[in-house]
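Only one structure is covered here, and it is reproduced in the block below.
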Amino acid sequence: MDNIMQLILLLPVLLLSLSLHELSHGYASYMMGDPTAKNAGRLTLNPLAHLDPIGALVLLMTQRFGWAKPVPINPRYYNNPRRDMMLVSFAGPASNLALAAFFAIIINIMPLITGQSLMGLLYGMRGNTMIIVVNFLYLAIIINISLAIFNLLPFPPLDGSKILRGVLPPKYDRYFNKLEGPMGMLVILVLAYSGVLWSIIGPVVNGILNLLVFF
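Using our numbering, the first residue of the sequence shown is number 276, and each one after it goes up by one.
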C-alpha cells in the first residue's frame, strides 16, 4: 500500500479510534454518576468534539502514538473515587482493544469470502475495492492496539498512570501530581520520537496483533 493510500485510510481510523476512546471515558464516568462529560457534549462519536490537533498530528506522523482532547470528569460524583477513577481510566484503552478485536473478526473472515489469502489481500493490486477494505481493517487493528497499549503505560498523564495511582496508597499521589501536565507529555514525546517508546510497547502490540489476525 503506497503512502498516499495509507494516509487516506489513516484519517478515518484516527478519527474513529480517538473519538471512541474519549467517548468511553465519558460514558464510564457518566455511569458512575458523573454528568460532566454529558453536560459538555462529549458523549458523542463526533470527532470535532474530541479532536486535539497536536495529538492527532502526532498519531498521523507516528501511526502508533497519539491522543485526543481529554474528556472532562469530576471524581467527586463517584461513590469510591479511587476505584471508580481506575475503571473510568481503563474504559478508553478497553474500547480500543474491543474495536481491534471487532475488526479482527471481520478481516479473518475476508479470505473465506474472497477465496484469497490474507497476505494476498493486503499486498495485492491497488484499486481493488476488497484490498482497500482489508488494508483499512488491518491499519485500524494496528492503530487501536497501539493506542490501547500506549495509553496503559504508567506515565502521567496517560490512563495507565491513573490506574496505577488507584492501586498504590494515597501517599504516592504527590509523585504523580509532579508529572501531570506539560512535563509528563514532554517526556512521552521525547520517548516516542527517540524510538524508545516503541521498543517498549512494540513487542506487546505485535504479540496481540498476531493473536488477533491469522495469516
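Even for Gly, the Cβ is constructed at its ideal location relative to N, Cα and C.
Residue 397 and residue 307 have their C-alpha atoms roughly 42 Å apart.
Residue 359 and residue 314 have their C-alpha atoms roughly 19 Å apart. Annotated as distal: residue 330 and residue 312, with beta-carbon spacing of 8 Å or more. By the C-beta criterion, the stretch 290–298 is judged to be in contact with the stretch 333–347, since at least 3 inter-stretch pairs fall below 8 Å. 356 is the residue among 366, 415 and 356 whose C-alpha sits nearest the C-alpha of residue 441. For residue 324, same chain residues with a beta-carbon under 7 Å away, outside a window of 5 residues either side, are 316 and 317 in chain order. Just so you know, the alpha carbons of residue 393 and residue 466 end up roughly 33 Å apart. A Cβ-Cβ separation of about 6 Å places residue 375 in contact with residue 487 under the 8 Å criterion. Counting the other Cβ atoms within 10 Å of the Cβ of residue 309 gives 16 or more, which makes it buried. Between residue 422 and residue 371, the C-beta spacing is below 8 Å. The stretch 305–361 contains, as complete alpha helix (DSSP H) runs of 4+ residues, the segments 311–314, 322–325 and 328–337 (chain order). The beta carbons of residue 367 and residue 299 sit about 5 Å from each other, so the pair counts as a contact at 8 Å. Between the C-alpha atoms of residue 326 and residue 391 there is a straight-line separation of about 37 Å.
With 16 or more neighbouring CB atoms inside 10 Å of its own CB, residue 305 falls in the buried class.
In terms of CA proximity to residue 389, 405 leads the group 405, 320 and 458. Uninterrupted alpha helix (DSSP H) stretches at least 4 residues long and entirely within the stretch 370–425 occur at 393–397, given in chain order. Contact annotation, residue 285 with residue 335: C-beta distance approximately 7 Å; criterion of less than 8 Å satisfied. The alpha-carbon of residue 451 is positioned some 11 Å away from that of residue 435. Here residue 456 carries a coil assignment [DSSP, helix/strand/coil]. In the assembly as shown, residue 287 is an exposed residue. Its beta-carbon has fewer than 16 other beta-carbons within 10 Å. Secondary structure note for residue 439: its alpha helix (DSSP H) is the uninterrupted segment 434–442.
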